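Protein chains: 2
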Amino acid sequence: MTTTNAAQRRARAKVEYNAFLAACPSRQLLDRISDKWVVLVLCALGGDAAQTGAAGDAMAMRYSEISRLLAGASQKMLTQTLRALERDGVVTRTVTPTVPVTVTYELTDLGLSLHEVSRGLRNWAQNHMEEVLTRRTAYDDRAS
Amino acid sequence: MTTTNAAQRRARAKVEYNAFLAACPSRQLLDRISDKWVVLVLCALGGDAAQTGAAGDAMAMRYSEISRLLAGASQKMLTQTLRALERDGVVTRTVTPTVPVTVTYELTDLGLSLHEVSRGLRNWAQNHMEEVLTRRTAYDDRAS
DNA sequence: CAGTATCCAGCTAGATACTG
DNA sequence: CAGTATCTAGCTGGATACTG
Chain A
1 MTTTNAAQRR ARAKVEYNAF LAACPSRQLL DRISDKWVVL VLCALGGDAA
51 QTGAAGDAMA MRYSEISRLL AGASQKMLTQ TLRALERDGV VTRTVTPTVP
101 VTVTYELTDL GLSLHEVSRG LRNWAQNHME EVLTRRTAYD DRAS
Chain B
1001 MTTTNAAQRR ARAKVEYNAF LAACPSRQLL DRISDKWVVL VLCALGGDAA
1051 QTGAAGDAMA MRYSEISRLL AGASQKMLTQ TLRALERDGV VTRTVTPTVP
1101 VTVTYELTDL GLSLHEVSRG LRNWAQNHME EVLTRRTAYD DRAS
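Protein chains in written order, with my numbering: chain A, 1 to 144; chain B, 1001 to 1144.
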C-alpha cells in the first residue's frame, strides 16, 4: 500500500493547512497590505510622503503624481496595485474627460482606516526596529 | 548621447525609489510580518490556534508541535521562519539535550508585542474584510 | 496622460533525500 | 527529533513596446 499513502498524506496536509489558514483571518488582510507597492501607495495617498508640499492627511492624486512619487515602480505594478485597491474599495478612481484624460485616485473611508492600521505598524516599527536590528547583529556575531 | 541616458534615468529612479522606501520605516517591519509563515508561527506560539487545547496566551512549543499545527509548511519553510524570528529576537530557541534532542520555541517580550500588532491587524480584518469582499464582488460584477 | 500587452529573469517556496 | 542540503517549477515583478 505504498501507492496512495504518500498522496493521501499530502492531500491531508493540504486540508489541515487550509483549515489553519481559514482560522487566521488576518491572512486575508495580510495578502493585501503585505504588498510592497500597496503600502507605498497607501503612504502616498495618506500624505505620509510629505515631499509634494502637503503633509499629514489624505489627498487626491493623479496617476502621474503617484508615479513620480513612487519612482521605481513600473506602470505595470502601479496600475496593478491601484486596480486591486480600487477593486477592494480602498481607493476611488475618478476619470475626468479632459483633453488628455485626467485620472485621480483618493483613499476611501475604508482606505483611510487601512492607512491607520499601517500607521500602527509603522509605530511598532519605529519603536522596536532598533531592538530587532541589535538582536540581529548580535545573532550574526554569535554565529562564528 | 543615447548611451548613458537610459542608464542614468534608471539609476536616478533607483535612488528616488530607495529614498521613498527609507522614508517609510514600516517597510522593514512589513518585510518581517508580511511573511505567510511568520504570521502563522506567531499565531501558533501566541496561542491563537486553540486547537491544541490551551488558548489565549503564549506558550512554549516544540518544533514537531508547530510542524503538526502548521501542517502544510515544509521543514524548510518552518526552520527558515523560526531561524529568522530567532535572529530578530522575536522567539527563543531552547535546546534540551535529551536522548533525541528536544527543541522548544517561545515568544519573547518583543515577539509578544509583535503578536499584539498582528492582533490589531486581525481585528481590522475581522471588522472590514466583509466590506472588502462585498466591494470586490461588486467590482467584478460591474466589469462585464 | 494613463494606461494595456507581452516577454523574460530572478527569486521563492515546495519536493525530496540525507544526518547528528 | 530536529534539522540540513539540493534541485527545480511557478509565480512575481521588471523591461519594453504599443494605444485610446
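Where is the CB? At the ideal position from N, CA and C, for every residue including glycine.
None of the values given here were measured: they were computed from a predicted structure.
message: Please give me, in chain order, every unbroken run of the beta strand (DSSP E) with length at least 3 that falls completely inside the stretch 1090-1137 of chain B.
response: 1091-1096, 1102-1107
message: Below 9 Å on C-beta distance, what does Met-1059 (chain B) contact in chain A?
response: Correct list: empty, because the minimum Cβ distance to chain A is about 16 Å.
query: Roughly how many angstroms lie between the CA atoms of Arg-108 (chain A) and Val-90 (chain A), to the nearest whole one?
result: This sequence places Thr at residue 108 (chain A); Arg is not what is there. Thr-108 (chain A) and Val-90 (chain A): Cα-Cα distance of roughly 5 Å.
message: Which residue wins for smallest C-alpha separation from Asp-141 (chain A), given the options B:Pro-1097, B:His-1128, B:Asp-1088?
response: B:Asp-1088
- request: Starting from Leu-1070 (chain B), trace the alpha helix (DSSP H) both ways and give me its first and last residue.
  value: In the DSSP assignment, Leu-1070 (chain B) falls outside any alpha helix (DSSP H), carrying neither H nor E.
- prompt: Any Cβ of chain A within less than 8 Å of the Cβ of Tyr-1139 (chain B)?
  reply: yes
field: Beta-carbon proximity list for Ser-1118 (chain B), same chain, < 7 Å, skipping 5 on both sides
entry: Once the five neighbours on either side are set aside, the close Cβ partners of Ser-1118 (chain B) are Ile-1033, Val-1039, Leu-1042.
- prompt: Do the CB positions of Thr-1094 (chain B) and Val-1103 (chain B) come within less than 8 Å of each other?
  reply: yes
message: For chain A, check one thing: does any of its Cβ atoms lie closer than 8 Å to the Cβ of Arg-1122 (chain B)?
response: yes
task: List the endpoints of the continuous alpha helix (DSSP H) containing Ala-44 (chain A).
output: 36-46
task: Would you kindly report the start and end of the unbroken alpha helix (DSSP H) that includes Asp-1031 (chain B)?
output: 1026-1033
message: Would Ser-67 (chain A) and Ala-60 (chain A) be called neighbours here (beta carbons separated by less than 8 Å)?
response: no
Euclidean distance between Cα positions of Asp-1057 (chain B) and Leu-133 (chain A): 26 Å
- request: Quickly, what does DSSP pair Met-61 (chain A) with across the bridge? List them, please.
  value: Bridge partners of Met-61 (chain A): A:Tyr-105.
- prompt: Does the Cβ of Ser-26 (chain A) have 16 or more other Cβ atoms within 10 Å, making it buried, or fewer, making it exposed?
  reply: buried
Spatial neighbours of Leu-1021 (chain B) in its chain, beta-carbon cut-off 6 Å, leaving aside the 5 residues before and after: Contacts found: Arg-1027.
message: At the level of alpha carbons, what is the spacing between Leu-69 (chain A) and Leu-1029 (chain B)?
response: 21 Å
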